[in-house]
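Novice: Got a structure for you, written out below as structure tokens; questions coming shortly.
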Amino acid sequence: MSVGILALVAIIPIVLALVLMVGLRWPATKAMPVAWLSAVAGAIAVWNLPAAYVAALTVHGFITAIGVLIIVFGAIIILYTLQYSGGMETIQYGFQGISRDRRVQVLIIGYLFAAFIEGAAGFGTPAALAAPLLLSLGFPPLCAVVMCLVYNSFPVTFGAVGTPVILGFKYLTSYVDQAIAAAVPGLNFSSMEMFNAIVGQWATVMHVPMIYILPIFMLGFMTRFFGENKSWSEGFGAWKFSLFASTAFTVPYLLTAWFVGPEFPSLLGGLVGLGIAVYGAKKGFCVPEKSWDFGAPSTWDAEWTGSVSAENSGEFKAHMSQFKAWTPYILIGLILVITRIPELGLKGMLAGVAIPFKNILGFESVNNSIKVLYLPGTIPFALVAVLTIFIHGMPADKAATAWKEAIAKMKNPTIALFFSVALVSIFRGSGIADAALNPNGYMSMPLALAEAVSGLAGHTWPMFASFVGGLGSFITGSNTVSDLLFAEFQWGVAAKLDLPRQIIVAAQGVGGAMGNMICIHNIVAACAVVGLSGMEGAILKRTVWPFLVYGVVVGIVACVLSFVMYPTLF
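The working numbering numbers the first residue of the sequence shown as 5 and each following residue consecutively.
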């Protein structure tokens, strides 16, 4: 069978998910199981894979999804514990006294605070946390959601302690090993761990232009579409503080990615940047002389508000000291550092504790495991959530309520992620080099797509690579799952065209991050917490434009980097 037909069959699950979720507005809980079924049908009918083998791949995907869900649950339980302990309201109270200028507030909360939360937790938590915080300070709900979704882009590549890189590219291990063994020209890595580190380094280079451009652009967007005077220039008037905030984030972000690894850039960039920006704002450093605010709520367009508004959100009060309120996040940062630096010894110890799943359904080639203690969902998230009960002196009933609500919130992401990751597992397992399981000897579904697409794009592929990552995040709701889905595809295109693998894979990781702003899951979650359910289309219509601009800029950087490494290709 021709590569073109194989590619058409391989792309059906992706197109189907897109049509169901965008065209028909199905939730991912319904769309992804249907997409998975179409992948199962293609694997059995076209690839001629045994049904039992496809079932084993599905189970393999479910096991991988459990690991991701442990991280998701850990992020959610931290959030709910802080909400019920009064710690979150104390943090919100502290933010109110920093600056009354809405442009400064959105940079500190929607950009830097959310970047820190992304680095520590990820998985849609930042927008769902920062948007209601902005709402409580007096932002129109629609504005709060749009700004938080767009700003939560460049931190996502390294979200949840580097999960999109470390877990998202795990299926490239065999390709990396083969490339190293074959001494492919232009490779400057000698192990999978080193490959991940280099991918993270190049990803930061691709992000940096938009780290400076996007905040200023969105300030103008905010004052143009949500201000009384409908003026772009009012937003641009805070350009000095915007550049100051971007630099405060970028310096530790770059240094961490280039000298430590992919686990901490967003966490440390957000935390250090947040501290510097808050201190600068309190001292009036680079803050505009004239403060800017929205008009009276009575003048706001009906589309801007939902069932919850700034008028009924109430005033916050401090239930404890700011230090005590921030202690859980401080502990998360410290524990993550201690458990992720190999030289300290705990990394190997925790990573060595795993629940193995070997010979799934009797197939020797299908194996998986869950590193229960190394997943950040257990240590530090769940651990710190338990410690917070005692640190904040929470009554038992409130602690129990926090855990019950966190567990209840897991239903929808569990269904969506189980079938999203199972689809990924079938995709990658379809090209197994075993005549009994793959009688036609077909390449895997992602490689079939790579073979077909590379012939169309040619050496202009670096310009488009990030959009594939963005599409993956849009469909699956996760930068990590996007990387799991398309990493082999991106590697295949790079190998076919002899492009630098690390640059193309980095563009995939960056694309998955920028896709966060159009991710249906994140939009739905953020809308739910600010009372804008049903307004998802209006938000997507506003976030798609910065997404496209982001992709073009990243594409240009990827082309330049590819040219520097392989000048003869151009």
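Even glycine gets a Cβ: it sits at the ideal position worked out from N, Cα and C.
#1: Given that a residue counts as buried once 16 or more other Cβ atoms are within 10 Å of its Cβ, and exposed if not, what is V556?
#2: Going by other Cβ atoms of all chains shown within 10 Å of its Cβ, with 16 needed for buried, is Y283 buried or exposed?
#3: Between which two residues does the beta strand (DSSP E) holding S373 run?
#4: Taking the beta carbon of W206 as the centre, do at least 16 other beta carbons fall within 10 Å, making it buried, or is it exposed?
#5: Drop a sphere of 10 angstroms on the beta-carbon of I411, count the other beta-carbons inside from all chains shown, and report buried for 16 or more, exposed for fewer.
#6: Whose CA, out of A39, A386, G337, S270, lies closest to the CA of F158?
#7: By DSSP, does S317 sit in helix, in strand, or in coil?
#8: For the structure I just gave you, are there three or more beta carbon pairs, one from the segment 91-101 and one from the segment 413-428, closer than 8 Å?
#9: What distance in whole Å lies between the Cβ atoms of V63 and A510, which are believed to be in contact at a cut-off of 8 Å?
#10: Using a Cβ distance threshold of 8 Å, determine whether the segment 181-200 contacts the segment 244-257, with at least three qualifying pairs required.
#11: Suppose you measure from the CA of T309 to the CA of P130; what does that come to, to the nearest Å?
#12: Please report the residue range of the alpha helix (DSSP H) in which I359 lies.
#13: Kindly indicate which three-state DSSP category D401 falls into: helix, strand or coil?
#14: Alpha carbon to alpha carbon, how far is M353 from F120? Give it in angstroms, no decimals.
#15: Going by C-alpha to C-alpha distance, which of L218, F240, I217, Y216 sits closest to T227?
#16: With a threshold of 8 Å, are at least 3 pairs of Cβ atoms found where one atom belongs to the segment 447-465 and the other to the segment 491-508?
#17: Assuming L275 and I112 are in contact, meaning their beta carbons sit under 8 Å apart, how far apart are those beta carbons, in whole angstroms?
#18: In angstroms with no decimal places, state the Cα-to-Cα distance between G273 and H396.
#19: Is T227 close to chain B, meaning its C-beta is less than 8 Å from at least one C-beta of that chain?
#20: Tell whether a beta-carbon distance below 8 Å holds between L451 and G474.
#21: Measure the C-alpha to C-alpha separation of L153 and I75 and round it to an integer number of angstroms.
#22: Just verifying my parser: in three-state terms, what is the DSSP assignment at G513?
#23: Report the residue from V165, W30, W40, G8 whose alpha carbon sits nearest the alpha carbon of V428.
#24: Quick one: residues in its chain with C-beta nearer than 7 Å to the C-beta of V561, no 5 flanking neighbours on either side, listed in chain order?
#25: Exposed or buried, which one is I507 when buried takes at least 16 other CB atoms within 10 Å?
#26: Return the chain-ordered list of same chain residues with a C-beta closer than 6 Å to the C-beta of L259, the five sequence neighbours on each side being excluded.
#27: Which residue marks the beginning of the alpha helix (DSSP H) containing W1, and which one marks its end?
Specialist: Reading from the atomic positions:
#1: For the purposes of this step, residue 556 is taken as the residue at position 552 of the sequence shown. By the neighbour-count criterion, in which a residue is buried when 16 or more other Cβ atoms sit within 10 angstroms of its Cβ, V556 is exposed.
#2: If you number the sequence shown from 1, residue 283 lands on position 279. Within 10 angstroms of the beta-carbon of Y283 lie fewer than 16 other beta-carbons, which makes it exposed.
#3: On the sequence shown, position 369 is the one that residue 373 refers to. 372-374 is the extent of the beta strand (DSSP E) around S373.
#4: As a position in the sequence shown, residue 206 is number 202, starting the count at 1. Burial call: buried.
#5: On the sequence shown, residue 411 is found 407 positions in, with the first residue counted as 1. I411 comes out exposed.
#6: Within the sequence shown, residue 158 is the residue found at index 154, counting from 1. Of the candidates A39, A386, G337, S270, the one whose C-alpha sits nearest the C-alpha of F158 is S270.
#7: Locating residue 317 in the sequence shown gives position 313, where the first residue counts as 1. Note that S317 scores a pLDDT of 48, beneath 50, so its modelled location is shaky and nothing firm can be said.
#8: no
#9: Translated into positions along the sequence shown, residue 510 becomes position 506. Translated into positions along the sequence shown, residue 63 becomes position 59. In fact, because the Cβ distance is near 31 Å, the residues do not count as touching under 8 Å.
#10: no
#11: In the sequence shown, residue 309 corresponds to position 305, counting from 1. In the sequence shown, residue 130 corresponds to position 126, counting from 1. Approximately 20 Å, taken between the alpha carbons.
#12: Sequence index remark: in the sequence shown, residue 359 carries index 355 (1-based). That residue, I359, is in no alpha helix (DSSP H); its beta strand (DSSP E) goes 359-361.
#13: By 1-based counting over the sequence shown, the position of residue 401 is 397. Reduced to three states, the DSSP call for D401 is helix.
#14: Within the sequence shown, numbered from 1, the residue matching residue 120 stands at position 116. Within the sequence shown, numbered from 1, the residue matching residue 353 stands at position 349. Roughly 26 Å between the two C-alpha positions.
#15: Within the sequence shown, numbered from 1, the residue matching residue 227 stands at position 223. Checking every option, the nearest Cα to that of T227 belongs to F240.
#16: The way I'd put it, the segment 447-465 does touch the segment 491-508; three or more beta-carbon pairs between them come closer than 8 Å.
#17: Walking along the sequence shown from the start, residue 275 turns up at place 271. Walking along the sequence shown from the start, residue 112 turns up at place 108. In fact, because the Cβ distance is near 13 Å, the residues do not count as touching under 8 Å.
#18: Stepping through the sequence shown from its first residue, residue 273 is reached at position 269. Stepping through the sequence shown from its first residue, residue 396 is reached at position 392. Using only the alpha carbons, I get a separation of about 27 Å.
#19: The chain labelled as chain B is not found in the depicted structure, where only one protein chain is given.
#20: Here the question's residue 451 lines up with position 447 in the sequence shown. Here the question's residue 474 lines up with position 470 in the sequence shown. In this structure, G474 does not lie closer than 8 Å to L451 by Cβ.
#21: For the purposes of this step, residue 153 is identified with residue 149 of the sequence shown, where counting begins at 1. For the purposes of this step, residue 75 is identified with residue 71 of the sequence shown, where counting begins at 1. Rounded to the nearest angstrom, the two C-alpha atoms are 20 Å apart.
#22: Within the sequence shown, the letter at position 509 stands for residue 513. Reduced to three states, the DSSP call for G513 is helix.
#23: Residue numbering aside, residue 428 sits at position 424 when the sequence shown is read from its first letter. Closest option to V428, Cα to Cα, is W40.
#24: Within the sequence shown, numbered from 1, the residue matching residue 561 stands at position 557. Hits under 7 Å: V209, M210, P213.
#25: Taking the sequence shown and counting its residues from 1, the one referred to as residue 507 is at position 503. Buried, because 16 or more other Cβ atoms sit within 10 Å of the Cβ of I507.
#26: One-based indexing of the sequence shown puts residue 259 at position 255. Same-chain partners within the cutoff: there are none.
#27: No information on residue 1 is available, as it lies outside the stretch 5 to 574 that the chain covers here.
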